[in-house]
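Counting along the sequence shown from 1, when you hit position 68 you're at 68 in full-length UniProt numbering, and nothing is skipped either side.
Every residue gets a Cβ at the ideal spot worked out from N, C-alpha and C, and that includes glycine.
All values derive from a computational prediction rather than experimental measurement.
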Amino acid sequence: MTILAHLWSVAAYIVPFIFVLSLVVFFHELGHFLVGRWCGVKVDAFSLGFGPELFHFTDRRGTRWRIGALPLGGYVKFHGDANGASMTDGAAAAAMSPEDRAVSFFAQNVWKRAAIVAAGPIANFILAIVIFTGIYFINGRALLAPLVDSVTAGSAAEAAGFLPGDLIVSIDGKKIESFEDMQRIVQTASDTALTFDVDRGGKTVELVATPRRRDISTPFGTTRVGVLGVETHAKPENWRLQRYGLGESFMRATGETWYVVARTGSYLGGLVMGRESADQLSGPIRIAEVSGEMAKIGVAALLNLAAVLSISVGLLNLMPIPLLDGGHLFYYAVEAVRGRALNEKAQEFGFKVGLTLVAGLMIFATYNDILRLTRQLMRWG
């Protein structure tokens, strides 16, 4: 393979990765920026990326819009902040004129500061809903009939009495439109009894099955899900394309966003309780790999990944860890209860702890990526 071919191969992963991550980060920071401006706070800088500055311009309100050389995040620096993490510059604050203080972030009441901080994660959820809505409205949804073609021996489905030819109509009273609908319910209900209504030769039969917990491989690692033990052969005649209007697309997009939130929350809870494997935590290397693969499939697949990643970023930032948005919100909740903010030393200590935790998480996720990549290379070798 020539050097040019190698460069093209690398670019096929790097360019989609930069696009996806930049889109997610931009909207997150845009949330902070817009609500900050709405609350009357001056914005000194809006940065997409870290490190050396590649490009910048200053708008008429004095905000420096910049693009950094390292496209792994971004920040909004409000007036009076010591850095992009909204730590207050005490010396600069003390020397400020009354006019400057009035437009500084730290001088706003606790509710305005909380709204500005919460706007970032909220913007991530809004972005996901917008993307999902567009995908449903433009592309519709390919639905595979929830038809059982085969039953795995010794599975929960066999124990419950499923037979080839059964058409799953509903689960616990919820209508099932596709095989994917069935899978989603089953995967999140391991070790939980579910009642299935199936159409068997024109007659409705009620079956009760308890999906069994199994480890399965995903693009991001190993995860534990409920498995029923039925398969479909995905014959062409069993597929149909469902089109949606704008309103229904929005409703389904909202439901899809909530599903990703619930699944991510369930995974994190299972991780804490020891029910989930930590090897599903992925860093930039794996995200770049998946971005490249999605780009090969098409724009819709890449945007779908961006929506899922946006939700993940929103949830991560809501964790009550100092340095993240959730940590700031925790501080503001304490301030609202106490009637005064925590002292600077306490906040600085929390910032250091948060930085250590976030850095540790990134190192661990990157370690997972490298370990997964090494295993792949060994298999190929």
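Legend entry - Segments assigned beta strand (DSSP E), at least 3 residues, entirely inside the UniProt domain "PDZ" (134–202): Runs found: 141–144, 167–171 and 194–200.
Inset, instruction - Assuming Ile14 contacts Ala288 (C-beta within less than 8 Å), just tell me the rounded distance between them. - result: On the sequence shown, residue 14 is found 14 positions in, with the first residue counted as 1. On the sequence shown, residue 288 is found 288 positions in, with the first residue counted as 1. Confirmed, Cβ separation roughly 6 Å.
Legend entry - Candidates Arg200, Pro146 and His32, of which the one nearest Trp239 by Cα: In the sequence shown, counting from the first residue as 1, residue 239 sits at position 239. Out of Arg200, Pro146 and His32, the CA that lies nearest to the CA of Trp239 is found in Pro146.
Inset, instruction - May I ask you to verify whether the stretch 144–164 touches the stretch 194–210, counting CB pairs closer than 8 Å and requiring at least 3? - result: Contact holds: three or more Cβ-Cβ distances are below 8 Å.
Inset, instruction - From the DSSP output, read off the bridge partner residues of Phe78. - result: Counting from one through the sequence shown, the residue named residue 78 turns up at place 78. Beta-bridge partners assigned by DSSP to Phe78: Val43.
Inset, instruction - Please check the pair Arg64 and Asp81, which I expect to be a contact at CB under 8 Å, by giving their CB distance rounded to whole angstroms. - result: Here residue 64 corresponds to residue number 64 of the sequence shown, with the count starting at 1. Here residue 81 corresponds to residue number 81 of the sequence shown, with the count starting at 1. Taking the Cβ atoms as the reference, Arg64 lies roughly 13 Å from Asp81, outside the contact range of under 8 Å.
Inset, instruction - Return the residue from the list Lys352, Ala333 and Phe179 that minimises the CA-CA distance to Leu323. - result: Translated into positions along the sequence shown, residue 323 becomes position 323. Taking only the C-alpha atoms, the option nearest Leu323 is Lys352.
Inset, instruction - Give the DSSP-derived three-state secondary structure of Asp215 in the structure shown. - result: Here residue 215 corresponds to residue number 215 of the sequence shown, with the count starting at 1. Asp215 sits in a strand when the DSSP states are folded into three classes.
Inset, instruction - Return the residue from the list Ser97, Ala95 and His79 that minimises the CA-CA distance to Phe105. - result: As a working note, residue 105 is residue 105 in the sequence shown. The option with the nearest alpha carbon to Phe105 is His79.
Inset, instruction - Using the Cα positions of Gly292 and Gly298, report the straight-line distance between them to the nearest angstrom. - result: Working through the sequence shown from its first residue, we reach residue 292 at position 292. Working through the sequence shown from its first residue, we reach residue 298 at position 298. Rounded to whole angstroms, Gly292 and Gly298 show a C-alpha spacing of 10 Å.
Legend entry - Residue closest to Arg121, alpha-carbon to alpha-carbon, out of Met319, Gly40 and Phe364: Residue numbering aside, residue 121 sits at position 121 when the sequence shown is read from its first letter. Looking at the sequence itself, residue 121 is Pro, so the reference to Arg does not match. Nearest of Met319, Gly40 and Phe364 to Pro121, Cα basis: Met319.
Inset, instruction - Have a look at Met1 and Ile18 and give me their C-alpha separation to the nearest angstrom. - result: Residue mapping note: residue 1 aligns to position 1 of the sequence shown, counting from 1. Residue mapping note: residue 18 aligns to position 18 of the sequence shown, counting from 1. Note that Met1 has pLDDT 49, beneath the 50 cutoff, so the model's placement of it is unreliable and no number is given.
Legend entry - Whole runs of the alpha helix (DSSP H) within the stretch 231–305, excluding any shorter than 4 residues: Qualifying alpha helix (DSSP H) stretches, in chain order: 246–273 and 284–297.
Inset, instruction - May I ask you to list the residues that DSSP assigns as paired with Val205? - result: On the sequence shown, residue 205 is found 205 positions in, with the first residue counted as 1. Answer by DSSP bridge pairing, in chain order: Val198.
Inset, instruction - Have a look at Gln183 and Arg37 and give me their C-alpha separation to the nearest angstrom. - result: For the purposes of this step, residue 183 is taken as the residue at position 183 of the sequence shown. For the purposes of this step, residue 37 is taken as the residue at position 37 of the sequence shown. Rounded to the nearest angstrom, the two C-alpha atoms are 44 Å apart.
Inset, instruction - Confirm, please, whether the CB-CB distance from Val24 to Asn109 is below 8 Å. - result: As a working note, residue 109 is residue 109 in the sequence shown. As a working note, residue 24 is residue 24 in the sequence shown. Asn109 places its beta carbon 8 Å or farther from that of Val24.
Legend entry - Assigned secondary structure, Val103 (DSSP; H/G/I helix, E/B strand, else coil): Within the sequence shown, residue 103 is the residue found at index 103, counting from 1. Per DSSP, reduced to three states, the secondary structure at Val103 is coil, with no helix or strand assignment.
Legend entry - Simplified DSSP assignment, three categories, for residue 433: One cannot answer for residue 433 here, as it falls past the ends of the chain, which runs 1 to 381.
Inset, instruction - For Val20, count neighbouring Cβ atoms within 10 angstroms of its own Cβ and tell me buried if that reaches 16, exposed if not. - result: Working through the sequence shown from its first residue, we reach residue 20 at position 20. In the assembly as shown, Val20 is a buried residue. Its beta-carbon has 16 or more other beta-carbons within 10 Å.
Inset, instruction - Please determine, among Lys77, Gly31 and Ile135, the residue with the shortest C-alpha to C-alpha distance to Val103. - result: On the sequence shown, position 103 is the one that residue 103 refers to. With distances taken between CA atoms, Val103 lies nearest to Lys77 out of Lys77, Gly31 and Ile135.
Inset, instruction - Within its chain, find whatever has a CB closer than 7 Å to the CB of Val225; leave out the 5 residues flanking it on each side and keep chain order. - result: As a first step, residue 225 is located in the sequence shown; it is residue number 225 there, counting from the start. Here Val225 has Gln187, Ser190, Arg214 and Ile216 as same chain residues with Cβ atoms under 7 Å from its own Cβ, once five neighbours each way along the sequence are excluded.
Inset, instruction - For Ile67, write down the residues that DSSP places opposite it in a beta bridge. - result: Stepping through the sequence shown from its first residue, residue 67 is reached at position 67. DSSP output for Ile67 lists Leu48 and Phe55 as bridge partner(s).
Legend entry - Under the three-state DSSP convention, the category Arg338 falls into: If you number the sequence shown from 1, residue 338 lands on position 338. Looking at Arg338 - three-state DSSP - the assignment turns out to be helix.
Legend entry - Sequence-distant residues of the same chain with beta carbon closer than 8 Å to Asp59, five excluded per side: By 1-based counting over the sequence shown, the position of residue 59 is 59. Cβ within range, chain order: Trp65.
Inset, instruction - Check whether the Cβ atoms of Thr133 and Ala12 lie closer than 8 Å to each other. - result: For this step, residue 133 is matched to residue 133 along the sequence shown. For this step, residue 12 is matched to residue 12 along the sequence shown. In this structure, Ala12 does not lie closer than 8 Å to Thr133 by Cβ.
Legend entry - Assigned secondary structure, Leu316 (DSSP; H/G/I helix, E/B strand, else coil): Counting from 1 along the sequence shown, the entry for residue 316 is found at position 316. In the structure shown, Leu316 sits in a helix (DSSP, three-state: H, G or I).
Inset, instruction - Please determine, among Leu228, Gly31 and Asn317, the residue with the shortest C-alpha to C-alpha distance to Gly327. - result: Position 327 of the sequence shown, counted from the start, is the residue given in the question as residue 327. The residue with the shortest Cα to Cα distance from Gly327 is Asn317.
Legend entry - Test item: CB-CB of Met294 and Pro16 under 8 Å: Your numbering for residue 294 matches position 294 in the sequence shown. Your numbering for residue 16 matches position 16 in the sequence shown. It is a contact, given that the beta carbons lie within the stated cut-off.
Legend entry - Leu228 in three-state terms, based on DSSP: Indexing the sequence shown from 1 puts residue 228 at position 228. DSSP places Leu228 outside both helix and strand once states are collapsed to three, so it counts as coil.
Legend entry - At least three beta-carbon pairs within less than 8 Å, the stretch 256–267 to the stretch 191–205: With a cut-off of 8 Å, the stretch 191–205 and the stretch 256–267 do not count as touching, because too few Cβ pairs lie within range.
Inset, instruction - Leaving out five residues on either side along the sequence, give the residues of the same chain with a beta carbon under 7 Å from the beta carbon of residue 382. - result: Since the first and last residues shown for the chain are 1 and 381, residue 382 lies out of range.
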